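Just below is one structure, and these are the notes that go with it.
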DNA sequence: AGAGTGACCTGACACGTTTCAGGGCGAGGA
DNA sequence: TCCTCGCCCTGAAACGTGTCAGGTCACTCT
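This is the structure:
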């Protein structure tokens, strides 16, 4: 392994001091053209690469921002990550992506690591409902933006989508389609902010339509995954009077539930209507195209990154902002038989065809 | 922003030298119990956090490994990433995830960044077919593992899946189902290794069955995405004698193609059979459950990370390995009407029901 | 009692960079 | 001729760690 070449060797080869090389790198305008070119030639000849560690050590903080999400496998979060990465790259920052799987321990572990890396800021969808680790970061002077969690913290920006309205839209739609017996497939309401808010919105729709609050059934799942959705589907299939409509707290759950319905031969939407949440790209391509509550995924990530970059730049003068986007219901075949009829009809022909 | 506390302040508070604090951190066994506890108390009292930059600067290399993939939005790669992250975390390494979108420029840019960070190794699915950036890394002494690209490089390990066999299995299956007019939906064969190999396998299956090599039609797409698949679908729908079977080079393409067929009312698999590649989780949940060539996604990532960690540990003694997994065809309804009949039948009833 | 032996700790240096006070030097003005 | 002023450059001092040669001290052995 060839020893890494340092600024000093470049300086020697170019016949200048290390200070000058550094200037060529960081403030090219202050050095004479001839010298600059000599230095640049030496750099490329030796294959010199800046040592970011040393820069950070000197400057006290890294040019990296940490992005901590609940589940990288969830297309919702990869889209958020894309948005954030775009904005970060434009501003010359690297993004370190961390996955917590909703585990408080993993979250703490990753944040510890990010603190050691001296990232200058962190974008996080909190797994710990107490937000304790977020506060620890703030105390250490790390800028934080809460993703998808609009806690009105005095000391951090946030970017979120109005989950309560999202839940409301979904259930309002199901009620409008004539459903009475609605079940929500949801994560733990106490642990996860999104679960709590979407549920609250759903309940609001129920009571607004004259139903009792507890008329909304609930199936709690341990994770927001397709597998958990499959399990929830089995559970729902076992219920004696089967609910006629399901509102799933995200699309992975909805896809799992849908799959178990299809396997069991339960017709969607005729026997059971399903609405998901997030409107990931796969929702439209599902066995029955999935109705879903759409969130501006990439925009969420981009906005968060931009906020945090601004915060670091503005320093003390920065005022924390709380950006809230509004979700939008996308109705497809899984909750509206009128939309499924055309395709369904052809499928009928197709089965007869063989 | 509170000044970050350094090892020196901890030393002062605990009444020891900085060397001792460092020892407590790195070789706790060499320091007396009483002293160690005093130091640890000081650490937690001051909220001291190691400065990773300084450590790296001293040790010359970071405890991070770079993971460079073609598309983070592709569930195949997120699964690979998960596997890699698991193994890396177990060994105490962080993972920096980079996305190239198949762009040579983005790839170069990310690798530059990783070099500056002095990552101790890089796992990469190359976007540049010349592998030039990979060789640059090697010259700088960075360990590299090629993902999904078994180039028999003398100076790097690789982990891949036998793409040629995968392509062969897919088309062999379609031929066995009685198809003659088969089209492959594929990326650029010259640019992407996977595209080239899967195509070669497909051709081998054709010729093996007594067809001419050019009997396999090809639709080239600009990217391995659902959107590109949709566009390819439109293109195929416009063909005068419509092909009876499609082999898509990955599942995102297949899902897109499938969606455009469903929209156009073309029956799958009766009128057009479809086989995808990767067997991502969403394949099974698609409008018509998708036949696909399965790869051990997480295992690929885990193996790659383990290889590179071993390489760094073993130093000079390391011998480069080329691990090749074997893919497996998973047949579902999209290419086999017998498997679709049950569900299809119930759907028939459902359409009649309303 | 003196020497030898561990156990434990100290203190300075090095890692590669950025920053900054200051120095050399040529040109222009008095 | 001398002074001043810019321009361009130098060189040393940090940044926070890990390492390592050496130092101190109590204890044991002869």
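Residue numbers (my numbering), protein chains in the order written: chain H, 1 to 354; chain L, 1 to 354.
From the three backbone atoms N, C-alpha and C, an ideal C-beta is built for every residue, glycine too.
Since this is a predicted model, take the numbers as computed values, not measurements.
With a contact defined as Cβ atoms closer than 8 Å, residue 297 of chain L and residue 83 of chain L qualify at about 7 Å.
Between the alpha carbons of residue 69 of chain H and residue 318 of chain H lies a distance of about 25 Å.
Below the 7 Å Cβ cutoff, chain H contributes 226 as neighbours of residue 281 of chain L, in chain order. Excluding the 5 residues flanking it on each side, residue 15 of chain L has same chain C-beta neighbours closer than 8 Å at 38, in chain order. Sorting L:24, L:169 and L:42 by C-alpha distance to the C-alpha of residue 326 of chain L places L:169 at the top. In the three-state reduction of the DSSP assignment, residue 273 of chain H falls in the strand class, which pools E and B. Within chain H, no residue has its beta carbon less than 8 Å from that of residue 234 of chain L; the closest one is some 15 Å off. The beta-bridge partner set that DSSP reports for residue 237 of chain L is empty.
Within the same chain, Cβ atoms closer than 7 Å to the Cβ of residue 216 of chain H are found at 182, 184, 202, 203 and 206, the five residues on either side in sequence being excluded. Chain-ordered, the chain H residues with CB closer than 7 Å to the CB of residue 78 of chain L read 72, 73 and 78.
At a cut-off of 8 Å between C-beta atoms, residue 118 of chain L counts as an interface residue with respect to chain H. Sixteen is the threshold: when 16 or more other Cβ atoms of the shown chains lie within 10 Å of the Cβ of residue 219 of chain H, as they do, the residue is buried. When the Cα atoms are used, residue 266 of chain L and residue 236 of chain L turn out to be separated by approximately 11 Å.
The alpha carbon of residue 130 of chain H has as its nearest neighbour, out of H:58, H:142 and H:107, the alpha carbon of H:107. Listed along the chain, the chain L residues whose CB falls inside 9 Å of the CB of residue 272 of chain H amount to none; the nearest CB is some 11 Å away. Excluding residues up to 5 positions away in sequence, 186, 187, 188, 189 and 249 lie with their Cβ nearer than 7 Å to the Cβ of residue 195 of chain H in the same chain.
Using a Cβ distance threshold of 8 Å, residue 122 of chain L and residue 307 of chain L do not count as a contacting pair. As the crow flies, the alpha-carbon of residue 79 of chain H is around 31 Å from that of residue 50 of chain H. At a Cβ-Cβ threshold of 8 Å, residue 246 of chain H and residue 221 of chain H do not count as neighbours. Chain L has no Cβ within less than 8 Å of the Cβ of residue 65 of chain H. Unbroken beta strand (DSSP E) stretches of 3 residues or longer found wholly inside the segment 256 to 318 of chain H: 273 to 278 and 291 to 294, given in chain order.
Residue 105 of chain L is classed as exposed because its beta carbon has fewer than 16 other beta carbons within 10 Å across all chains shown. Contact of residue 51 of chain L with chain H is assigned, a C-beta pair being separated by under 8 Å.
Secondary structure note for residue 161 of chain H: its beta strand (DSSP E) is the uninterrupted segment 157 to 161.
Counting C-beta pairs closer than 8 Å gives fewer than three between the segment 146 to 164 of chain H and the segment 223 to 241 of chain H, which falls short of the contact rule. The CB of residue 85 of chain L comes closer than 8 Å to the CB of 99 in chain H, given here in chain order. At least one beta carbon of chain L lies nearer than 8 Å to the beta carbon of residue 140 of chain H. Contact with chain L is absent for residue 276 of chain H, since none of that chain's Cβ atoms lies less than 8 Å from the residue's Cβ. As the crow flies, the alpha-carbon of residue 328 of chain H is around 52 Å from that of residue 313 of chain L.
Straight through space, the alpha carbons of residue 290 of chain L and residue 337 of chain L are spaced by roughly 12 Å. When C-alpha distances from residue 172 of chain L are compared across L:311, L:199 and L:137, the shortest belongs to L:199. At a cut-off of 8 Å between C-beta atoms, residue 56 of chain H counts as an interface residue with respect to chain L. Here residue 184 of chain H is bridged, per DSSP, to H:218 and H:247. Taking 8 Å as the threshold, the shortest C-beta distance from residue 4 of chain L to chain H falls below it. For the segment 228 to 260 of chain L, the beta-carbon criterion of a distance under 8 Å to any beta-carbon of chain H is satisfied by 255, 256, 258 and 259.
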